[in-house]
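Student: Structure provided below as structure tokens; questions to follow.
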Amino acid sequence: MGFFDWLKGKRKEEDWEQGEADYEPAPIKRESLDIHNAQQRQTYVRNCCEQMKEATTEIDRSEIEYRLVTDYLTDMEEIERLPNNERADLNAYARKIVSLKTEQKNSKSQVGGMTDRQFEAMERMTEEMPAALEKMKKDEDFKALVKQDLQKLEGEKVSAQFRRRELAAICVNARNMAYISVFALMAAFVGLVIFQLVFEIDSRTGYLITAGAGALALTYVFQRYNKALNERRRVERSLNQIIALQNTVKIRYVNITGVLEYAYMKFHVNTSDELSYLWEKYLKEKAERAKLQETDEELDFQKREMVKVLRKLRIKVPDIWVHQVEALIDSKEMVEIRHGLIVQRQSLRKRIEYNEENRNHAKDEISGIVKEYPRYAQEILGIVSEYE
940 MGFFDWLKGK
950 RKEEDWEQGE
960 ADYEPAPIKR
970 ESLDIHNAQQ
980 RQTYVRNCCE
990 QMKEATTEID
1000 RSEIEYRLVT
1010 DYLTDMEEIE
1020 RLPNNERADL
1030 NAYARKIVSL
1040 KTEQKNSKSQ
1050 VGGMTDRQFE
1060 AMERMTEEMP
1070 AALEKMKKDE
1080 DFKALVKQDL
1090 QKLEGEKVSA
1100 QFRRRELAAI
1110 CVNARNMAYI
1120 SVFALMAAFV
1130 GLVIFQLVFE
1140 IDSRTGYLIT
1150 AGAGALALTY
1160 VFQRYNKALN
1170 ERRRVERSLN
1180 QIIALQNTVK
1190 IRYVNITGVL
1200 EYAYMKFHVN
1210 TSDELSYLWE
1220 KYLKEKAERA
1230 KLQETDEELD
1240 FQKREMVKVL
1250 RKLRIKVPDI
1260 WVHQVEALID
1270 SKEMVEIRHG
1280 LIVQRQSLRK
1290 RIEYNEENRN
1300 HAKDEISGIV
1310 KEYPRYAQEI
1320 LGIVSEYE
């Protein structure tokens, strides 16, 4: 576990002691060793050397950490003994760093509305973006107008086609009425002739009335037919104009649809509203990222300045304090860190003593064998020299 966790009191006093209890090796004994067996003898000596080497490595590592912890404790005492004016300056840096860290945390919570891929895609289009968005909106408005014109022309076309069918029916009816009128007129003349010849009735008045009625009827039918025919021709001309205009508008609609579909594909959106939303989101994200970067730079600057001040105050390990500035302005935090350091130093001391004891025991074992069995001394010392 790292040292910063120790400073925060995250290691418990019994961590090392529990590990020591679980993994403490059994003391080296040679009662069951056949010292005259070369293989057993060499294996035993090598085991002792391995234990000495491992213990020495752990002692060195623990002593480095022990000196580091001691330096931290010394630094704490130096800081607490600072004059009020120097401590006030140091605390000012600490408060500034705490404030910037809070601001940094808030900025980080705001950043992330867009993925890096989305952000980079929008960033590549920054220069063309405002104009492209405006053009897309205008194209969508134009497409809507063209669609309205198409719908209006379609309505006029349907109306003209309906009127043309009506006029065609009127022409057919007028023709039929003309046939009926001629047939009725002929039938009336035949009747009048029969009345005159067979019954010797004076039919002159009847002839006049029949002729007048027939003329009026045929005139009405002809005028109605001619009027419907003329209007039908006019409606057909109007319909042709509507169809021609409709074709032109359809071409415009197809073209503007193609332009919009290309723009949608280019910007990976479906509407200008979606693009506008992404653009606003990008601008907000850009501002938040710029703010975060500015905060990061200011925080780094304040940390460097604080380290400079700490070095001037003869603090041995100044860099550590930029990571625990809260302790400078909060006495409870300082007490907690001190307690954690003291506990850690005690644990390191126990570890050093434990490994020294193991190393000395292994050393004594080798020395004892050399003294008791001098004929193997050169062999044993040769093995020991391999580990030096």
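This note's numbering puts the first residue of the sequence shown at 940, with every later residue one more than the last.
Glycine is no exception: its CB is placed at the ideal position from the N, C-alpha and C atoms.
In this text the structure is predicted, and so the values were computed from the model without any measurement.
DSSP state of residue 1054, grouped into three classes?
Tutor: DSSP places residue 1054 in coil when its eight states are reduced to three.
Student: Can you tell me whether residue 1014 is buried or exposed? The criterion is at least 16 other CB atoms within 10 Å of its CB, across all chains shown.
Tutor: When all chains shown are included, residue 1014 counts as buried.
Student: On the three-state DSSP scale, how would you describe residue 1020?
Tutor: It is coil, neither helix nor strand.
Student: Whole-angstrom Cβ separation of residue 1347 and residue 1005, contact assumed at under 8 Å?
Tutor: The structure shown does not extend to residue 1347, since the chain spans only 940 to 1327, so no value can be given for it.
Student: By Cβ distance below 8 Å, which residues in the same chain neighbour residue 1074 in space, the five residues on each side in sequence not counted?
Tutor: Same-chain partners within the cutoff: 1202.
Student: State the DSSP-derived secondary structure class of residue 1207, mapped to helix, strand or coil.
Tutor: Coil, per DSSP.
Student: Is the beta carbon of residue 1106 closer than 8 Å to that of residue 1171?
Tutor: Contact: yes.
Student: Out of 976, 999, 1081 and 998, state which residue places its alpha-carbon closest to the alpha-carbon of residue 1193.
Tutor: Answer by Cα proximity: 1081.
Student: Report the residue from 1326, 1294 and 1319 whose alpha carbon sits nearest the alpha carbon of residue 997.
Tutor: Checking every option, the nearest Cα to that of residue 997 belongs to 1294.
Student: Just the Cα atoms here: how many angstroms apart are residue 1247 and residue 1238?
Tutor: Residue 1247 and residue 1238: Cα-Cα distance of roughly 14 Å.
Student: Run the CB neighbour count on residue 1330, radius 10 Å, all protein chains shown included, and call it buried at 16 or more, exposed below.
Tutor: There is no way to answer for residue 1330, as the model of the chain reaches only from 940 to 1327.
Student: In this structure, does DSSP put residue 1250 in helix, strand or coil?
Tutor: Three-state DSSP puts residue 1250 in a helix.
Student: Alpha carbon to alpha carbon, how far is residue 1209 from residue 1245?
Tutor: When rounded, the distance between both Cα atoms is 52 Å.
Student: To the nearest angstrom, report how far apart residue 972 and residue 1290 are at their CA atoms.
Tutor: One C-alpha to the other measures close to 29 Å.
Student: Report buried or exposed for residue 1149, applying the criterion of at least 16 other Cβ atoms within 10 angstroms of its Cβ.
Tutor: So residue 1149 ends up on the buried side.
Student: Determine the DSSP secondary structure at residue 1273, reduced to helix, strand or coil.
Tutor: Residue 1273 falls in the helix class under three-state DSSP.
Student: Any idea if residue 1227 is buried or exposed, counting beta-carbon neighbours within 10 angstroms, 16 or more meaning buried?
Tutor: Its Cβ being crowded by 16 or more others within 10 Å, residue 1227 is buried.
Student: Shortest alpha-carbon distance to residue 1098 belongs to which of 1130, 1178, 1055 and 1111?
Tutor: For the residues 1130, 1178, 1055 and 1111, the minimum Cα distance to residue 1098 belongs to 1178.
Student: What residue range is occupied by the uninterrupted alpha helix (DSSP H) comprising residue 972?
Tutor: Where residue 972 is concerned, there is no enclosing alpha helix (DSSP H), given that its DSSP letter is neither H nor E.
Student: Roughly how many angstroms lie between the CA atoms of residue 1002 and residue 1012, to the nearest whole one?
Tutor: Rounded to the nearest angstrom, the two C-alpha atoms are 15 Å apart.
Student: For the alpha helix (DSSP H) that residue 1323 lies in, which residues bound it at each end?
Tutor: First-last of the alpha helix (DSSP H) with residue 1323: 1316 to 1325.
Student: May I ask you to report which of helix, strand or coil DSSP gives residue 1065?
Tutor: DSSP places residue 1065 in coil when its eight states are reduced to three.
Student: Compare the Cα-Cα distances from residue 1085 to each of 1211, 999, 1196 and 1052 and report the closest residue.
Tutor: Considering only alpha carbons, the answer is 1196.
Student: Is residue 1029 closer than 8 Å to residue 1021 when the C-beta atoms are compared?
Tutor: Taking 8 Å as the Cβ cut-off, residue 1021 and residue 1029 qualify as a contacting pair.
Student: How close, in whole Å, do the beta carbons of residue 1114 and residue 1174 come, if the pair is a contact with beta carbons under 8 Å?
Tutor: About 18 Å separates the two Cβ atoms, so there is no contact after all.
Student: Roughly how many angstroms lie between the CA atoms of residue 1163 and residue 1100, to the nearest whole one?
Tutor: Roughly 20 Å between the two C-alpha positions.
Student: In this structure, does DSSP put residue 1185 in helix, strand or coil?
Tutor: Three-state DSSP puts residue 1185 in a helix.
Student: Going by beta-carbon coordinates alone, are residue 1036 and residue 1261 separated by less than 8 Å?
Tutor: For residue 1036 and residue 1261, yes; Cβs fall inside 8 Å.
Student: Counting only the same chain and skipping the five closest in sequence on each side, list residues whose C-beta sits under 8 Å from that of residue 979.
Tutor: So the qualifying residues of the chain are 972 and 973.
Student: Alpha carbon to alpha carbon, how far is residue 1062 from residue 1233? Give it in angstroms, no decimals.
Tutor: Each residue's Cα considered, the two are about 19 Å apart.
Student: Run through DSSP, which three-state label would residue 1232 get?
Tutor: Three-state DSSP puts residue 1232 in a helix.
Student: Closest to residue 1079 by CA distance: which of 1297, 1213, 1181 and 1316 is it?
Tutor: Closest option to residue 1079, Cα to Cα, is 1213.
Student: Looking at the secondary structure, which residues open and close the alpha helix (DSSP H) in which residue 1268 lies?
Tutor: 1265 to 1268 is the span of the alpha helix (DSSP H), which, as asked, contains residue 1268.
Student: Inspect the beta-carbon positions of residue 1312 and residue 988 and report whether they are closer than 8 Å.
Tutor: No, the Cβ-Cβ distance between residue 1312 and residue 988 is not below 8 Å.
Student: Using the beta-carbon count (16 or more within 10 Å), is residue 1298 buried or exposed?
Tutor: By the 10 Å Cβ count, residue 1298 comes out buried.
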